[in-house]
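Numbering of the sequence shown is given in my numbering, commencing with residue 953 and proceeding in unit increments.
Ideal Cβ positions, reconstructed from N, Cα and C, are used throughout, including at glycine.
Keep in mind it's a predicted model, so treat the numbers as computed, not measured.
Shown next, in structure tokens, is the structure this report addresses.
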Amino acid sequence: MLKFLPRFEFPRYNIPVADFKGHQLKALRRFEKLKPQFHLVLELRDLRAPLSTRNVLLDQVVDKRHHERLVVYTRRDSFPATSPYLDRLSQWHAELEEKFLMVDCRHRSAINHILRCIDWYHELHREKNYGLSPPLGFKVLVTGMPNVGKSTLINSMRGSSGKVARTGSEAGVTRSTSESIKVGSSGNGVYIIDTPGVGLPARLSDSSRMLALALCGCVKRTLVDPWIQADYLLYLMNLQLPYGTDTVKQAEKTLSTYPGAIQHPTNDIEEVLNRLRRNPRESDASVALRWLDESRSGLVLDPELLLPCADFSMRQHVEQALKRARKVMRK
Ligand SMILES: Nc1nc2c(ncn2[C@@H]2O[C@H](COP(=O)(O)OP(=O)(O)OP(=O)(O)O)[C@@H](O)[C@H]2O)c(=O)[nH]1
């Protein structure tokens, strides 16, 4: 076990707290108009930051009387097959009675699983409507924050019928709500509506959300100073160093990109940048960006899930966020 005390608080830097653009507002207005047409909402979130990539604005889109909602966590491949973190997340969902899946969107087996779930919801809808299918087909709205994997999922669903939605590692690739795209076996009448990623406006966001979103790629990487992003990454990594029964060997596996030897942790970002600098003339920003770009498995990006707060309640967290959103929307 390491003898090291991580930081339990991150400084409040003056950074932009939102990346909310005109096309996102337009998308929200379009969702309102489409409300009577769709039956199921597939809400995608990034498994590495389940709280930060949960968008309360999308709760306003779902009308529980008419719509079903299935939460799909993408990037399941970022975590090992079993993990206490994933068990905890499952318990929180049980607490909220919210149905969810964890998938690697790029994998055919995951897509087949989602298609089977959609068929199940379609059947449920038919049962509730005296065995009748909706005349214009069963419509599924695929939504979520920017860059969580919506287009990747839709392209995989389309399978052999061709790539239709643009994907990319930067946030904001999809800019408009698409017409419905038919998916699944022919004749079952399931249509998918691709949508642009919708973030949170400044009044519903804060610096910790923004930093987690920047690390997930849900906002443009250049929006927040790379030095601050790197410091935040270090803060999160240190919170995930081995404690209690974990061994250094286990941590080396999950924190394989720890800057320097994991046996010599540090809270000092300047020291980290010096450890990673390839030549004395390389700037702090360029070292930080290089480190931020490294792929990083098994790292949780929401500090609430790492801090020692046994009384954390997902229900309370969600209710507070919804209350705040309703207050802001009324103004
Ligand atoms: N490892 C991994 N990468 C994924 C997964 N899903 C999506 N990606 C990657 O994440 C990046 C963003 O995916 P997109 O499908 O473009 O995301 P989007 O939500 O459509 O993005 P916007 O158009 O900005 O709203 C791409 O580089 C994908 O390859 C996943 O489950 N696992």
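Restricting to Cα atoms, I'd like to know which of the options is closest to residue i.
i	options	result
I1180	L1225, C1170, Y1143 and L992	L1225
Q1192	D1158, P1036 and A979	P1036
R1058	L1038, T1034, S1030 and T1005	S1030
R964	L977, L1163 and P1148	L1163
P1217	K1016, R1248, L1188 and L1257	L1188
L1244	T1174, D1220, N1219 and Q1215	T1174
Y1184	P1232, S1235, I1063 and L1251	L1251
C1168	R1017, T1095, R1233 and R1027	R1027
G1149	L1038, G1141, E961 and C1170	C1170
Among residues of its own chain, excluding the 5 on either side of residue i, which ones have a beta-carbon nearer than 6 angstroms to its beta-carbon?
i	result
Y1025	R997, L999 and M1054
V1014	V993 and R1021
Y1082	none
S1004	R1161, A1164, L1165 and D1254
Grab the span of the beta strand (DSSP E) containing residue i for me, first residue to last.
i	result
E984	Careful: E984 lies outside any beta strand (DSSP E), inside the alpha helix (DSSP H) at G974 to L986.
Y1184	No beta strand (DSSP E) holds Y1184; the alpha helix (DSSP H) holding it covers P1178 to L1191.
D998	L992 to D998
Leaving aside the five residues before and after residue i along the sequence, list all residues of the same chain whose C-beta is less than 8 angstroms from its C-beta, in chain order.
i	result
M1266	W1044, H1045, E1047 and L1048
F990	H1019, K1091, V1092, L1093 and I1145
V1280	P1153, R1155 and L1156
D1011	L1274 and A1277
E1078	Reading the sequence as shown, one finds Arg at residue 1078 and not Glu. L1084 and S1085.
S1132	G1089, K1091, Y1143, I1144 and I1145
C1069	L1022 and L1053
Are there any heavy atoms of ligand 1 lying less than 6 angstroms away from the beta-carbon of residue i, as far as the coordinates show?
i	result
D1056	yes
P1098	yes
K973	no
R1060	no
S1103	yes
D1029	yes
T1034	no
T1095	no
G1149	yes
T1005	no
T1209	no
T1174	no
T1218	no
With DSSP as the reference, label residue i as helix, strand or coil.
i	result
S1079	Before going on, a small fix: residue 1079 reads as Glu here, not Ser. Three-state result, E1079: helix.
I1145	strand
M1054	strand
T1174	helix
I967	coil
L1022	strand
T1095	strand
K1275	helix
K1102	helix
V1135	strand
L957	coil
Could you give the residue range of the alpha helix (DSSP H) that holds residue i?
i	result
V1239	D1236 to D1245
I1221	I1221 to L1228
H1045	P1036 to L1048
A1164	S1159 to C1168
Could you pull out every residue in the same chain whose Cβ sits closer than 7 angstroms to the Cβ of residue i, ignoring the five residues on either side in sequence?
i	result
N966	none
G1212	R1227
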